[in-house]
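Chains as they are written, first to last, in this note's numbering: chain A, 2 to 571; chain B, 5 to 194; chain C, 2 to 350. All C-beta atoms in this analysis are idealised placements derived from N, C-alpha and C, irrespective of residue type, glycine included.
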Amino acid sequence: MTNASEVLSSIQSAFPGAVLDSRVESDRRLWATIDSKKILDVCKHLTTKLNFDHYSGSAGVDWIARKEMEVVEIMASHGAHQVVAMLKVKTPRENPSVKSLTGLYWNANWYEREIWEMFGINFEGHPELYPLLLSDELMGAWPWRKDYKGYPDLTTGERAVKISTPEGYTEYHIPPTPAEVEAGTVVTERPKYPTLREREEKEIKSDSEMIMHLGPQHAMVPGPFLLDVLVEGERVHKAFLDLGYIHKGIEKIMENRSWLQGITYTDRMCYVASLSNNECYCGAIEKILGLEVPLRAQYIRVILEELSRIQSHLIGTGEFLTLIAGVGYAPWQYMIIDRENIISLIESVTGARLTHTFVRFGGVRNDLPAGFADQCKKVLPYMKSRTEEFIELFAQDPIYHKRMDGVGIIRPDDAKRMGVSGPPLRATGVAYDMRKEDPILVYPELDFKVVTGTKGDSADRIDVRLREMLESIHIIEQCLDRIPEGPIKTEVKVPKKVPAGEAYYRVEDPRGEMGMYVISDGGDKPYRVKVRGPFYATFQTLTPLLEGTYIADAVAIAGSMDGCPSEADR
Amino acid sequence: MGISDVIPVPVAIDEEIEKWTIFGQPVAEVWFTTTEKIHQIIEMGPIKNIFNWGRKNSVYFLMQPMGCCGVEMFVFGAAPYDSDRFGCIPRNTPRQTDVMIISGYLTRKYLPVFKNLWDEMPEPKWCIAIGECAISGGPFYDSYNIVQNTGDHFPIDVFIPGCPPRPEQFLEGLMNLQEKIKQRKDKRDY
Amino acid sequence: MDIIGSISQFAAQEPAIFALIIGVIGAAVIAAVVNVGAMLVIWGERKVLSDFCNRFGPNRVGGRWGILQLGADAIKLFTKEDIIPADADKGVYVWAPIVASMGTMLVAAAIPFGALHIGGKDYPLVVANMDISAFYVEAALSIMAIAVFMAGYSSNNKYSMLGAFRGVARMIAYEVPMGVCVISVAVMAHSLNLVEIVQSQTVWYAFAQPLGFVIFVIALITDLGRIPFDQSEAEEEIISGYNTEYSGIRWGLLYFQEYNNALLGSILLSLLFLGGWQGPIIPIPVLDIISPLIWLLMKVIIVLWFFIWVRSSLFRLRIDQVTDLGWKWMLPLSLVNLGWAVLVGSYFA
């Protein structure tokens, strides 16, 4: 079994002088600063020799005091070992430029695009450095730099201006407010790149092809994103994705809020499963502080997160069913009604239906109310029988199989290469679950299996989600039997100013692997919070997957990924 | 006062029509006064009340989840907080909807698209803002990408505060909108 | 005053004008009956579908049952702004809903709505008792497909165009099997007249030709554009398909005629396969005159309820799977059914 120090010594022996600074935090975490000229070779060495085949993401950090910027690459493995290597590459703040890893890892594409548009770090060798999350008018402003002054003022007034396009249609343009112009934050020099429309129209090869918009206003997933498909008749030739329609800038906002206030913002990222997001953030801070969570609080966290997983799968599956069956489809309504039972359970503990803000540093906010265990024991067997009924319903429905079998097949190698995680990855047959790979809380003591599928098509993804609900019910029943009495918050007082440090914490969100990288510089606000969302990676797979399918299948595939664009956009 | 004040008509035809006469009187005046009289009759109590009764009991909304409140909007349109009881069903195309529900954060990138959707809706139309983000920016009041005052861009009739509000509050907001339509106190003066 | 005398005198003197006036009054009555029936079908669909989905349908407008919900919808749609897209083909755009209504009225002119049992004999209630009415009704039900294509093609909208093409593909899939099933029934009944088909059903054709019955039901659901065959207005994929650009009463008319067709299609199904208005006569004095009507009504309600049940339980097929089903399965099986009908029909001749 590899551990972090072995990885470090392997890198140091293969590339002497490449590692400028290193810290082995534990058996499973390695922090290393790598010379920017050797980063490609080091990553290749990790992938080929040490089984780091999962490029998890990358974060940009602006160290304005030291006049440099940093790009942190997060490397992990799909089950060969449990080490996560955080490799930092430094670049000066004037004309920052870093080598791009898109040659080695296919899914580095979007992470680097985002760092470019937010920080201005150029990636050498990146094939398509275009904006992803920001609109064209904010390009060049580099919003996540520490000296960005562009927060809007609150003057009122109708500002939208109508302009006509050459084809005769009307578009709206929102000009900047006077305060922005005065403060000098309006971007005058924009970087040059082809706009989305130009890129799309370049691909039209014949007269019978046209570009059709599936979004941003659509009923596919709960959140707007733009999916343009180049169709000829009913066949899709190419797909184009554009995000950023609900980009709120949470990572930048959290740098202006205290540590405790930041928990409310993590709710609003993936709002269907907000407890996992809370857990991720609080776990990272607990790592920096070195806090020990009491046992009862750990059990409460696990119970609520598994309940949250059940209701997230219910609404994800149910809503997807309306895409292929219309809103009158009865099982979708049954799933929503069943979901209300689970939501009532969670609400009796946290007080909210959707955005809970329940997990605190070193514990939880409330204790379980009296009678919670009995209520659970009434609801859970009912949910179990209903879920088994749903699984059987879809298994014996021939039209369901006609629509879903063989649609959107992802092979296991492709899924691993694309950085997919969660039910879409497990449906291909790869047993990769954060609860086993990077165990937190009391998961090592609980008995559950990782649910996998066989073929990786849409039917398998739905099936994996439904069977995962059964596993979650099993986990909750075990926790209710084993939960001890005790405090729900740590007795150590959590300080207002978190000491300087950094941590990367991973959690199994219902949609996949979620990670949060938190940096503290000793103040009472976070210095940088980077969220590695699961749907950001799964989203990227849509562009190659949709080529050659029918439009009806395109909708089925996009919906079966069970996405939350809000978490991809943050 | 000519025809082109009542309906938009290309200018050349307008001048031609101004010269026609019927029974010795200019057609434009006869027509205009007749339609004005019909408008006056409709604006009086009974017929307008019937129109408003029909409009308030069949409010179709646009299926457009934008944020956290969007999830609650799904639940609101389905069982068990059934909005079909009020005659309120979700439609996909803005041409067939009456009310635009701003259910979440409006960003700079999405605002132009949203304004186009609003323009595509036929009159009479109303607007409901759900949640803190739609009303005033909410927790993202100092974000570089969120539009803080949606009331500047759309004439909002009903504000439903909450983060997110419960689906029962959606129903209350819908009933408030119905009350407003009935008493003709909505923003567009229908 | 001798009204009847003066009317019969007028009828003798001016037969053509009299027939015209009677025709116009009859058409108005039929149109009113059919349209009110369609409104009840839409109301019924909203309530029954909600019941399947474990919720209530409209229950606030017009009392506990929400009867006036359709009235409110109609008033709202009439007072909406009329939007015609600037680049749309205006003539075709405006005529599409009207063609849909025309199709429905053409069907209603030839389909018998039941019978009155007076003095031991059944007098069928039909406006135009045509000799080929079975075939004519089945063909006129497909005029809706032309309206769908007109609506989708003229809207200058990519989603509408896709919906229009899918509508035509759908029609091509089911038209032939449906016609063959009607002919199989006519072979057994020795007539294409719907009235005679009903009167010749000693045993219902649903039992005498089960294969034909099943195929006709599937083809009818495809014709009506209901789930599992509503690709031309698949909401989640192509944003309401062929009627994406329609608003106000124009859309109301298109939506309404869909359900009008559903009602008339169910009546056709009951007449062809479920024995029409045949049934035991109720011995109560007034009810015995209209008891055939009551039987037909019950059968139509059961058929419509079955269509709504199918809508709430099945998934939507892809358009290429629909044409697959039509040409590879429904057509050969309907030909088999035709052979069976010829054999059985000639055996029992």
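- Exposed unless 16 or more other CB atoms sit within 10 angstroms - verdict on C/F11: In the third sequence, counting from the first residue as 1, residue 11 of chain C sits at position 10. C/F11 sits exposed, since fewer than 16 C-beta atoms from the chains shown fall within 10 Å of its C-beta.
- Message: By the three-class DSSP mapping on this structure, what secondary structure does A/I392 have?
- Response: Translated into the one-based positions of the first sequence, residue 392 of chain A becomes position 391. Of the three classes helix, strand and coil, the one that applies to A/I392 here is helix, per DSSP.
- Buried or exposed by the 16-neighbour rule on C-beta atoms within 10 Å, applied to C/Q232: Residue mapping note: residue 232 of chain C aligns to position 231 of the third sequence, counting from 1. The residue is buried, with at least 16 neighbouring Cβ atoms inside 10 Å.
- Nearest candidate by alpha-carbon position, reference A/V365, set A/R302, A/A19 and A/V380: In the first sequence, residue 365 of chain A corresponds to position 364, counting from 1. Checking every option, the nearest Cα to that of A/V365 belongs to A/R302.
- Close beta carbons around A/Q479, own chain, < 6 Å, minus the five adjacent residues each side: Taking the first residue of the first sequence as 1, we reach residue 479 of chain A at position 478. If we look at A/Q479 and ignore the five residues flanking it on each side, its Cβ neighbours are L447.
- Query: When the Cα atoms are used, what is the spatial distance from A/H238 to C/Y154?
  - Reply: Here residue 238 of chain A refers to the residue found at position 237 of the first sequence. Here residue 154 of chain C refers to the residue found at position 153 of the third sequence. Those two C-alpha atoms are separated by around 23 Å.
- Going along the chain, which residues of the stretch 54-82 of chain B sit with their C-beta nearer than 8 Å to a C-beta in chain A? Those would be L66, M67, Q68, P69, M70, G71, C72, G74, V75, E76, F78, V79, G81 and A82, in chain order.
- Task: Using a cut-off of 7 Å between C-beta atoms, extract the partners of A/E390 located in chain B.
- Result: The residue you call residue 390 of chain A lines up with position 389 of the first sequence. Proximity of chain B to A/E390 at the Cβ level (cut-off 7 Å) is not reached, the minimal Cβ distance being about 17 Å.
- Assumed close pair C/L272, C/V304 - CB separation to whole angstroms, cut-off 8 Å: By 1-based counting over the third sequence, the position of residue 272 of chain C is 271. By 1-based counting over the third sequence, the position of residue 304 of chain C is 303. About 11 Å; that fails the 8 Å criterion.
- Query: Does the count of Cβ pairs from the stretch 55-75 of chain B and the stretch 93-107 of chain B closer than 8 Å reach three?
  - Reply: A contact between stretches requires three or more CB pairs, one per stretch, nearer than 8 Å, and the stretch 55-75 of chain B meets this requirement with the stretch 93-107 of chain B.
- Task: Please name the residue in A/E514, A/R24 and A/L296 whose C-alpha comes closest to that of A/E438.
- Result: Within the first sequence, the letter at position 437 stands for residue 438 of chain A. It is A/E514.
- Item | chain A contact residues for B/F144, given Cβ-Cβ distances below 7 Å | Sequence index remark: in the second sequence, residue 144 of chain B carries index 140 (1-based). Under the 7 Å cutoff, chain A gives K249 and I254.
- Stretch-stretch touch, CB-based, cutoff 8 Å, three pairs: the stretch 327-334 of chain A with the stretch 246-256 of chain A: Of all C-beta pairs linking the stretch 327-334 of chain A to the stretch 246-256 of chain A, fewer than three are shorter than 8 Å, placing the two stretches out of contact.
- Item | Option nearest B/D86 by Cα separation, candidates A/R297, A/V84, A/A220 and A/Q334 | In the second sequence, counting from the first residue as 1, residue 86 of chain B sits at position 82. Put simply, of A/R297, A/V84, A/A220 and A/Q334 the residue whose alpha carbon is nearest the alpha carbon of B/D86 is A/Q334.
- Task: Give the interface partners of A/Y272 over in chain B, defined as CB-CB distance under 7 Å, in chain order.
- Result: As a working mapping, residue 272 of chain A is identified with position 271 in the first sequence. In chain order: C72 and V75.
- Message: Mapping the DSSP letters down to three states, classify B/M104 as helix, strand or coil.
- Response: As a first step, residue 104 of chain B is located in the second sequence; it is residue number 100 there, counting from the start. In the three-state DSSP reduction, B/M104 falls in the strand class (E or B).
- Residues in the stretch 111-137 of chain B with C-beta within 9 Å of chain A's C-beta atoms, listed in sequence order? Those would be T111, R112, K113, Y114, L115, P116, V117, F118, K119, N120, L121, D123 and C137, in chain order.
- With a Cβ-Cβ cutoff of 8 Å, do A/L315 and A/L134 count as a contact? Working through the first sequence from its first residue, we reach residue 315 of chain A at position 314. Working through the first sequence from its first residue, we reach residue 134 of chain A at position 133. A distance of 8 Å or more separates the beta carbons of A/L315 and A/L134.
- chain A within 8 Å of B/C92, Cβ atoms only: Here residue 92 of chain B is taken as the residue at index 88 of the second sequence, counted from 1. Cβ-Cβ to chain A under 8 Å: no for B/C92.
- Message: Along the stretch 74-91 of chain C, where does the CB come closer than 9 Å to a CB of chain B? Name the residues.
- Response: Interface annotation for the stretch 74-91 of chain C against chain B: D74, A75, I76, K77, L78, F79, T80, K81, E82, D83 and I84, criterion Cβ-Cβ distance under 9 Å.
- Query: Would DSSP call A/R24 helix, strand or coil?
  - Reply: Here residue 24 of chain A refers to the residue found at position 23 of the first sequence. The DSSP-derived three-state label of A/R24 is strand.
- CB C/F351 to CB C/A39, shorter than 8 Å? With chain C covering only 2 through 350, there is no way to say anything about residue 351 of chain C.
- Of all the residues that make up the stretch 38-55 of chain C, which are near chain B by a beta-carbon distance shorter than 8 Å? Residues R47, S51, C54 and N55.
- Query: Name the chain A residues that come within less than 7 Å of B/I150, Cβ to Cβ?
  - Reply: The residue labelled residue 150 of chain B in the question sits at position 146 within the second sequence. K249, listed in chain order.
- Just checking my contact of C/P229 with C/L315 at CB under 8 Å: how many whole Å lie between their CB atoms? Start at 1 with the first residue of the third sequence, and residue 229 of chain C comes out as number 228. Start at 1 with the first residue of the third sequence, and residue 315 of chain C comes out as number 314. Sure, about 5 Å apart at Cβ, within 8 Å.
- Message: On the criterion of 16 or more Cβ atoms from any shown chain inside 10 Å, does A/W260 qualify as buried, or is it exposed?
- Response: Here residue 260 of chain A refers to the residue found at position 259 when the first sequence is read from its first residue. By the Cβ-count criterion, A/W260 is buried, with 16 or more other Cβ atoms from all chains shown falling within 10 Å of its own Cβ.
- Task: Ignoring anything shorter than 4 residues or poking outside the stretch 326-354 of chain A, list the alpha helix (DSSP H) runs there in chain order.
- Result: Counting whole runs of 4 or more residues, the stretch 326-354 of chain A contains the alpha helix (DSSP H) stretches 331-351.
- Relative to the alpha-carbon of C/R171, which residue among C/I184, C/I147, C/V188 and C/V186 has its alpha-carbon at the smallest distance? Indexing the third sequence from 1 puts residue 171 of chain C at position 170. Ranking C/I184, C/I147, C/V188 and C/V186 by Cα distance to C/R171 puts C/I147 first.
- Thinking C/R251 and C/P98 are a contact (beta carbons under 8 Å), I'd like their distance in whole angstroms, please. Numbered from 1 along the third sequence, position 250 holds the residue referred to as residue 251 of chain C. Numbered from 1 along the third sequence, position 97 holds the residue referred to as residue 98 of chain C. That pair is a contact at about 5 Å.
- Message: Since C/S292 and C/H118 should fall inside the 8 Å C-beta cutoff, what is the C-beta to C-beta distance between them, to a whole number of angstroms?
- Response: Locating residue 292 of chain C in the third sequence gives position 291, counting from the first residue. Locating residue 118 of chain C in the third sequence gives position 117, counting from the first residue. Between C/H118 and C/S292 the Cβ distance is about 6 Å, and since that is below 8 Å, they are a contact.
- Item | Enclosing alpha helix (DSSP H) for C/G226 [first to last residue] | Within the third sequence, numbered from 1, the residue matching residue 226 of chain C stands at position 225. First-last for C/G226: undefined, no H or E at that position.
- Message: At the level of alpha carbons, what is the spacing between C/E246 and B/G91?
- Response: Position 245 of the third sequence, counted from the start, is the residue given in the question as residue 246 of chain C. Position 87 of the second sequence, counted from the start, is the residue given in the question as residue 91 of chain B. Distance between C/E246 and B/G91, taken at the CA atoms: about 22 Å.
- Message: As a quick exercise: from B/I150, B/R89 and B/E183, pick the residue whose alpha carbon is nearest that of B/P116.
- Response: The residue labelled residue 116 of chain B in the question sits at position 112 within the second sequence. Of the candidates B/I150, B/R89 and B/E183, the one whose C-alpha sits nearest the C-alpha of B/P116 is B/I150.
- Ignoring anything shorter than 3 residues or poking outside the stretch 405-481 of chain A, list the beta strand (DSSP E) runs there in chain order. List check, beta strand (DSSP E) in window: nothing returned.
- Taking the continuous beta strand (DSSP E) assigned at A/S11, which residues delimit it? Numbered from 1 along the first sequence, position 10 holds the residue referred to as residue 11 of chain A. Unbroken run through A/S11 is the alpha helix (DSSP H), A5 to A15; no beta strand (DSSP E).
- Task: Leaving out five residues on either side along the sequence, give the residues of the same chain with a beta carbon under 8 Å from the beta carbon of C/W66.
- Result: Position 65 of the third sequence holds residue 66 of chain C. Result list for C/W66: K48 and N60, in chain order.
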